[in-house]
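Protein chains in written order, with the working numbering: chain A, 6 to 254; chain B, 6 to 254.
Below is one structure, written out as structure tokens; the observations come after it.
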DNA sequence: ATTAAAATTGCAAAAAAACGCAGAAAGTAT
DNA sequence: ATACTTTCTGCGTTTTTTTGCAATTTTAAT
């Protein structure tokens, strides 16, 4: 394999996933980690990526599949994913929406956790299939181009047949008076079904989305059992939720 | 062999694969690596390609555009995908299995083609969502870790509800007496259902897989309406299929 | 603070390139 | 066809590049 080919592969992976691990690349490409590090250094010297301890990050955190993702979101979503991961126990059934935060969660699950994840999001489901002990159930139906989530009556009726332990709800916008809102009507229908099909609903959101709203209503904040953000639980931004008895993590 | 002839071959290979290895060309053309290097130098001097350590890159070699996973026998699959793409017409319903050849097909569809693709494969479906005018229907069920395809009774019963125009069958092994075979029992069940649910079944395979077999039987070759490989239709390897009245492309 | 993972550094082995040269092949003129 | 020139090819040697390994330092996580 040519060096250039290898570096192109690395660059592509970085731009696709926003981050890469030296160890992983070493395995995938079947070369030593030293070589990977030298490649990363080369690419970093040419301003193609940012080298960090353990791997590399893409220059812009713009995800290939989610071109509108805010630039600083990655670090925050990582924090959120870590917090969310602590809530999942063995043998749980977990419903998840789409979104980069949920992809991030897949990457932060303990490697021995045995649980079943159910999702209609292609990128999210694909990410969970990389985990060694997680079972993945995919909700089928028409795939929405924007979000790469399955939407429609078939998907909703399938979700209704499930009673999951937890639903992780990645949200587009949330505020205390309007509740959770979204900009895609079809996706909203799916989210509503998910909320009804889970014993606990946990909202994952970066603080940026708090106090914003979108055209379509998903649910009032009373429907949420917990909110996870990258902020400290005492943050005043979260006061309205605390007052309604919603747990903050 | 003439120098010009050799260089023309090299140029063709570079443009096809985006990259070539000196060692490989030396073998293919049965000349020393020195000669290959001199040829590459010549071509590089004339701005026909870019010479690098170990081989050469095509002029269009791009740091960023790289297939998400290095596809085995990529060049052959590209040829197959090009041929297969010509069969799809507007408003068709197309069933597809998983596999890298089917991913490749997604990349070679005419940009204005309007059709509906139905698949249970996460990577394949994801690839089709990048196409501007293709609708994607995802078959839901449990995701098989090996193949990232949904498998199980639910998936099969959904497929049975469909009557598609074409089924593109990516196969793992095929030979004239055993027919199409595979190494994953669950995937075989899904493939069987797909074959029954399509008016035409078209088998996509690189020639390497012809005359090999796997433990589980999918279908006899009589069930196939067409076979597409990277070979010329007249190739003697395809003689048994031609004799059974199966179209070759 | 302790510990484990990863980076860095220097070094040696391997792979590939460059160079010069001699013989082979191809082309040209007689 | 023959002799001559020019170009091309393969081989051995030297030089450069690349890669993997081991020892040490740095970094990150608990």
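A virtual CB, placed ideally from N, CA and C, is assigned to each residue, including glycine.
For clarity, every value in this text was computed on a predicted model and none was experimentally measured.
- In this structure, DSSP gives residue 192 (chain A) a helical state, which the three-state scheme calls helix.
- Taken in chain order, the unbroken stretches of beta strand (DSSP E) that lie wholly in the stretch 211 to 251 of chain A and span 3 residues or more are 221 to 224 and 231 to 233.
- Residue 18 (chain A) carries a helical assignment under DSSP once its states are collapsed to helix, strand and coil.
- Think of a sphere of 8 Å around the beta carbon of residue 56 (chain A): no beta carbon from chain B falls inside it, the nearest being about 16 Å out.
- Residues of the stretch 7 to 29 of chain B with a Cβ closer than 8 Å to any Cβ of chain A, in chain order: 24 and 26.
- Annotation: residue 45 (chain A) has no Cβ neighbours in chain B at a cutoff of 9 Å; minimum Cβ distance is about 14 Å.
- DSSP lists B:62 as the bridge partner or partners of residue 24 (chain B).
- For residue 155 (chain B), the neighbours in chain A by C-beta distance under 8 Å run, in chain order, 143 and 145.
- Taking a 10 Å sphere around the C-beta of residue 51 (chain B), we find fewer than 16 other C-beta atoms and assign the residue as exposed.
- The alpha-carbon of residue 190 (chain B) is positioned some 27 Å away from that of residue 249 (chain B).
- Among the residues facing chain A, residue 128 (chain B) is included, as its CB has a counterpart in that chain under 8 Å away.
- One Cα belongs to residue 91 (chain A), the other to residue 197 (chain B), and the distance between them is close to 41 Å.
- For the pair of segments examined, the stretch 97 to 116 of chain B was found to touch the stretch 125 to 133 of chain B: the number of CB pairs separated by less than 8 Å reaches three.
- Chain B places a beta carbon closer than 8 Å to that of residue 148 (chain A), counting this residue as a contact.
- B:119 is the residue among B:115, B:83 and B:119 whose C-alpha sits nearest the C-alpha of residue 98 (chain B).
- Contact between the stretch 177 to 187 of chain A and the stretch 171 to 190 of chain B is not established, with fewer than three Cβ pairs separated by less than 8 Å.
- Under the three-state reduction of DSSP output, residue 96 (chain B) falls in the coil class, being neither helix nor strand.
- With respect to residue 30 (chain A), residue 41 (chain A) sits close: the two C-beta atoms are nearer than 8 Å.
- One Cα belongs to residue 38 (chain B), the other to residue 19 (chain B), and the distance between them is close to 16 Å.
- When Cβ-Cβ separations below 8 Å define contact, residue 50 (chain B) makes no contact with chain A.
- The alpha-carbon separation between residue 204 (chain A) and residue 13 (chain A) amounts to approximately 45 Å.
- Of the other Cβ atoms in all chains shown, 16 or more fall within 10 Å of the Cβ of residue 192 (chain B); this residue is therefore buried.
- With fewer than 16 other Cβ atoms from the protein chains shown falling within 10 Å of its own Cβ, residue 165 (chain A) counts as exposed.
- Taking the Cβ atoms as the reference, residue 212 (chain B) lies roughly 5 Å from residue 236 (chain B), within the contact range of under 8 Å.
- Taking CB atoms only, residue 114 (chain B) has no neighbour in chain A less than 8 Å away.
- Excluding sequence positions up to five before and after residue 233 (chain B), its CB lies within less than 6 Å of the CB of 85, 88, 89, 209 and 254, all in the same chain and listed in chain order.
- Around residue 163 (chain A), the beta-carbon contacts reaching into chain B at under 8 Å are 145.
- Pairing residue 123 (chain A) with residue 144 (chain A) gives a Cβ-Cβ distance under 8 Å.
- In this structure residue 121 (chain B) touches residue 142 (chain B) by the C-beta definition: roughly 6 Å separates them, less than 8 Å.
- Assignment of residue 168 (chain A) by DSSP, reduced to helix, strand and coil, places it in the coil class.
- Taking 8 Å as the CB threshold, residue 186 (chain B) stays off the interface with chain A.
- A straight-line Cα-Cα distance of about 35 Å links residue 226 (chain A) and residue 62 (chain A).
- Of the candidates A:186, A:207 and A:231, A:186 places its Cα closest to the Cα of residue 223 (chain A).
- The residues 155, 156 and 157, in chain order, have a CB closer than 7 Å to that of residue 147 (chain A) in the same chain once the five nearest residues on each side in sequence are set aside.
- Judged by DSSP secondary structure, residue 142 (chain B) falls within the beta strand (DSSP E) whose first and last residues are 140 to 143.
- Residue state for residue 35 (chain A) is assigned as coil, using DSSP reduced to three classes.
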